[in-house]
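K.L.:
To start, I am sharing the structure in question, which I have written as structure tokens.
Numbering (our numbering), first residue to last: 159 to 613.
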């Protein structure tokens with residue numbers, strides 16, 4: 159037993175004490191932080207501004223004044239402020255406080271720069287072909303965004319007929335955001351003109367029809383906290399990502415370590431002092447500890463982030479315990495198989511074809527994540543959560559969803575995982591013992607199966 163822990167301590171310290179490990183450990187949160195800070199500047203809406211002119215032909219004579227009001231800078235500013243207020247009301251309190259300190263900048267980041275759209279009026283009997291020529295002739299001055307031709311029955315339809323609408327002509331490659339802005343403003347103008355034609359007050363009708371969505375409150379045993387949209391959607395994939403990163407980091411580390419030690423003949427020196435099973439157990443413990451260390455650091459960072467946004471109350475701490483249980487099960491299965499592959503081959507390129515099926519199996523839950531999160535009690539979700547070696551991922555996704563499974567299902571999946579651990583260790587031990595000192599032609603799957611079946 160002492161020899162096992164000596165091997166584990168040696169591999170653990172040889173890995174965590176290097177600059178590469180520290181950089182690799184910190185690069186993921188650094189990339190997330192950088193993307194969070196720089197991403198809005200690179201991909202945000204604030205880099206795009208709706209700017210240009212719209213030509214309008216209005217035979218009704220009543221839509222054009224409404225469209226002028228809809229495009230008026232003061233009205234647009236009031237509308238943007240209301241949209242920003244609604245979006246901010248759905249955010250956590252800490253986010254609201256940060257946004258309120260720099261409201262103008264936050265509004266620009268969220269909604270983009272204020273639009274600057276002018277109107278070019280044409281008479282009701284204007285030649286439509288000439289108006290279209292105006293749209294094509296975009297050689298100088300402000301950009302020409304669209305031609306809007308209001309139908310004669312858009313405001314007052316004929317008897318026993320429905321309302322008309324409008325025709326929209328746009329230049330090639332008009333940005334979808336500009337097109338959406340035009341749709342919204344023209345629709346607003348036509349609706350207001352229809353309401354006014356009936357002698358009604360548009361603002362009164364808007365106030366009557368508006369029912370603001372309340373901020374839901376999540377009630378936990380200890381406190382009441384504001385519900386954050388998207389939290390329940392992102393939590394399952396966050397846990398799955400943590401476990402996948404831990405498994406692949408440790409598994410690939412063991413595979414690479416075994417190939418290097420075998421190709422450099424270091425393994426022959428090690429086997430003169432320890433047995434193959436002691437070597438295998440020591441490496442499993444070492445790389446599992448390395449992965450657990452990385453996961454622990456990421457979990458602490460995540461909890462600190464949740465605490466800063468006052469979201470700890472909506473997080474179930476028992477999920478962390480189950481995360482570690484499922485991770486240990488998954489690591490013993492995946493890690494032992496990865497190490498067996500590393501012991502059976504001579505070069506890293508030879509291991510790629512053998513480990514690829516295992517990697518494809520492990521990423522299957524990623525493709526099924528939306529379905530499992532939305533329908534955790536479906537037949538497919540139940541099957542995935544009880545089928546090794548992906549049962550650990552499937553059950554963790556179900557537990558982090560809005561409809562957690564029964565406790566007996568969780569422990570049944572754990573029991574299945576423990577059985578799969580013994581099966582994987584048994585098969586990996588046979589491959590490890592036979593392939594460790596074999597050189598030359600790399601084995602294929604048939605050879606590995608033959609080694610497992612050997613006495």
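For every residue, glycine included, the Cβ atom is placed at its ideal position computed from N, Cα and C.
Since the model is a prediction, treat every value here as computed from it, not as a measurement.
1. Out of 333, 516 and 536, state which residue places its alpha-carbon closest to the alpha-carbon of residue 548.
2. Quick check on residue 177: buried or exposed, where buried means 16 or more other Cβ atoms within 10 Å of its Cβ?
3. Where do the N-terminal and C-terminal ends of the alpha helix (DSSP H) with residue 529 fall, by residue?
4. Under 6 Å Cβ to Cβ from residue 571, same chain only, skipping five residues before and after it: list those, please.
5. Name the residue from 435, 582 and 305 whose alpha carbon lies nearest to the alpha carbon of residue 275.
6. Based on the DSSP secondary-structure assignment, which residues constitute the bridge partners of residue 278?
7. In angstroms, rounded to a whole number, what distance separates the CA positions of residue 344 and residue 533?
8. Within the same chain, show all residues whose beta-carbon is closer than 7 Å to that of residue 312, passing over the 5 residues directly before and after it, in chain order.
9. For residue 327, which residues does DSSP report across the bridge?
10. If we ignore side chains and look at the alpha-carbon of each, how far apart do residue 405 and residue 432 end up?
11. Return the CA-CA distance between residue 367 and residue 461, expressed in angstroms with no decimal places.
12. Assuming residue 315 and residue 216 are in contact, meaning their beta carbons sit under 8 Å apart, how far apart are those beta carbons, in whole angstroms?
13. So, residue 403 versus residue 527, is the Cβ gap smaller than 8 Å?
14. In terms of residues, what are the limits of the alpha helix (DSSP H) holding residue 360?
15. Could you give the C-beta distance for residue 413 and residue 564, rounded to a whole number, given that I count them as a contact under 8 Å?
16. Determine the direct distance from the alpha carbon of residue 589 to that of residue 611, and round the result to whole angstroms.
17. Can you check which of these residues, 434, 172, 479 and 538, is closest to residue 497 by C-alpha distance?
18. Looking at residue 422 and residue 505, is the spacing between their C-beta atoms short of 8 Å?
19. For residue 340 versus residue 212, is the C-beta distance shorter than 8 Å?
20. Taking Cβ positions, are residue 166 and residue 444 nearer each other than 8 Å?
21. Residue range of the alpha helix (DSSP H) that residue 310 falls in?
22. Residue 546 by DSSP, collapsed to three states: which one?
23. Do you know how far the Cα of residue 182 is from the Cα of residue 583?
24. Hey, residue 478 and residue 448 are a contact pair by Cβ (cut 8 Å); roughly how many whole angstroms apart?
25. From residue 302 to residue 278, what does the alpha carbon distance come to, in whole angstroms?
26. Between residue 541 and residue 491, what straight-line distance do the alpha-carbon atoms span, to the nearest angstrom?
27. Once you ignore the five residues that flank residue 507 on each side, which residues in its own chain have a CB closer than 6 Å to its CB?
28. Taking DSSP as the reference, what is the three-state secondary structure of residue 596?
29. Cutting at 6 Å between CB atoms, please list the residues of its own chain near residue 187, excluding the five before and the five after it.
30. Assign residue 119 to one of three DSSP states: helix, strand, or coil.
31. Cβ of residue 484 within 8 Å of Cβ of residue 399?
32. Give me, in chain order, the residues of the same chain whose beta-carbon lies closer than 7 Å to that of residue 151; leave out the 5 immediate sequence neighbours on both sides.
33. Beta carbon of residue 531, beta carbon of residue 559: below 8 Å?
34. Tell me the rounded alpha-carbon separation between residue 463 and residue 587.
P.N.:
Quick answer:
1. Counting from one through the chain shown, the residue named residue 548 turns up at place 390. That would be 516, whose Cα lies nearest to the Cα of residue 548.
2. Start at 1 with the first residue of the chain shown, and residue 177 comes out as number 19. Residue 177 comes out exposed.
3. Taking the chain shown and counting its residues from 1, one reaches residue 529 at position 371. Segment 522-532, the alpha helix (DSSP H) holding residue 529.
4. The residue labelled residue 571 in the question sits at position 413 within the chain shown. Closer than 6 Å at the Cβ level, and outside the excluded window around residue 571, lie 543, 544, 549 and 553.
5. Your numbering for residue 275 matches position 117 in the chain shown. The shortest Cα separation from residue 275 among 435, 582 and 305 belongs to 305.
6. For the purposes of this step, residue 278 is taken as residue 120 along the chain shown, with counting starting at 1. For residue 278, which the question treats as bridged, DSSP gives the partners 213.
7. Numbered from its first residue, the chain shown carries residue 344 at position 186. Numbered from its first residue, the chain shown carries residue 533 at position 375. C-alpha separation (whole angstroms): 40 Å.
8. The count along the chain shown starts at 1 and reaches residue 312 at position 154. Contacts found: 218, 221, 321, 322, 323, 324 and 348.
9. Counting from one through the chain shown, the residue named residue 327 turns up at place 169. Answer is 305.
10. Translated into positions along the chain shown, residue 405 becomes position 247. Translated into positions along the chain shown, residue 432 becomes position 274. Whole-angstrom Cα-Cα distance: 26 Å.
11. If you number the chain shown from 1, residue 367 lands on position 209. If you number the chain shown from 1, residue 461 lands on position 303. Whole-angstrom Cα-Cα distance: 41 Å.
12. Here residue 315 refers to the residue found at position 157 when the chain shown is read from its first residue. Here residue 216 refers to the residue found at position 58 when the chain shown is read from its first residue. Not confirmed; about 16 Å, so no contact.
13. Here residue 403 refers to the residue found at position 245 of the chain shown. Here residue 527 refers to the residue found at position 369 of the chain shown. Result no, Cβ atoms of residue 403 and residue 527 do not sit closer than 8 Å.
14. For the purposes of this step, residue 360 is identified with residue 202 of the chain shown, where counting begins at 1. Note, residue 360: alpha helix (DSSP H), 360-367.
15. Working through the chain shown from its first residue, we reach residue 413 at position 255. Working through the chain shown from its first residue, we reach residue 564 at position 406. Going by Cβ atoms, the distance from residue 413 to residue 564 rounds to 37 Å, so no, they are not a contact pair.
16. Taking the first residue of the chain shown as 1, we reach residue 611 at position 453. Taking the first residue of the chain shown as 1, we reach residue 589 at position 431. So the alpha carbons of these two residues sit roughly 10 Å apart.
17. Mapped onto the chain shown, residue 497 falls at position 339. Closest option to residue 497, Cα to Cα, is 434.
18. Here residue 505 refers to the residue found at position 347 of the chain shown. Here residue 422 refers to the residue found at position 264 of the chain shown. Not closer than 8 Å, so no.
19. Position 182 of the chain shown holds residue 340. Position 54 of the chain shown holds residue 212. Contact flag set, yes.
20. Position 8 of the chain shown, counting from 1, holds the residue named residue 166. Position 286 of the chain shown, counting from 1, holds the residue named residue 444. Closer than 8 Å, so yes.
21. Residue 310 sits at position 152 when you count from the first residue of the chain shown. Looking at the DSSP string, residue 310 is not in any alpha helix (DSSP H), and its letter there is neither H nor E.
22. As a first step, residue 546 must be located in the chain shown, where it is residue number 388. Correct three-state label for residue 546: coil.
23. Position 425 of the chain shown holds residue 583. Position 24 of the chain shown holds residue 182. Near 29 Å, if we compare the C-alpha coordinates of residue 182 and residue 583.
24. The residue given as residue 478 occupies position 320 in the chain shown. The residue given as residue 448 occupies position 290 in the chain shown. The Cβ separation is near 19 Å, so there is no contact.
25. Residue 302 sits at position 144 when you count from the first residue of the chain shown. Residue 278 sits at position 120 when you count from the first residue of the chain shown. Cα to Cα, the separation comes out at about 10 Å.
26. Walking along the chain shown from the start, residue 541 turns up at place 383. Walking along the chain shown from the start, residue 491 turns up at place 333. The straight-line gap from Cα to Cα measures roughly 19 Å.
27. Indexing the chain shown from 1 puts residue 507 at position 349. Taken in chain order, the list of residues that qualify is empty.
28. One-based indexing of the chain shown puts residue 596 at position 438. Here residue 596 sits in coil by DSSP.
29. Against the chain shown, residue 187 aligns to sequence position 29. Cβ within range, chain order: 459.
30. Outside the modelled stretch of the chain, which goes from 159 to 613, sits residue 119, for which no answer is possible.
31. Taking the chain shown and counting its residues from 1, one reaches residue 484 at position 326. Taking the chain shown and counting its residues from 1, one reaches residue 399 at position 241. Cβ distance not < 8 Å, so residue 484 and residue 399 don't count as in contact.
32. Limits of the chain in this structure are 159 at one end and 613 at the other, which puts residue 151 out of reach.
33. Here residue 531 is taken as the residue at index 373 of the chain shown, counted from 1. Here residue 559 is taken as the residue at index 401 of the chain shown, counted from 1. For residue 531 and residue 559, yes; Cβs fall inside 8 Å.
34. Along the chain shown, read from residue 1 onward, the residue named residue 463 stands at position 305. Along the chain shown, read from residue 1 onward, the residue named residue 587 stands at position 429. Straight-line Cα distance between these residues: approximately 42 Å.
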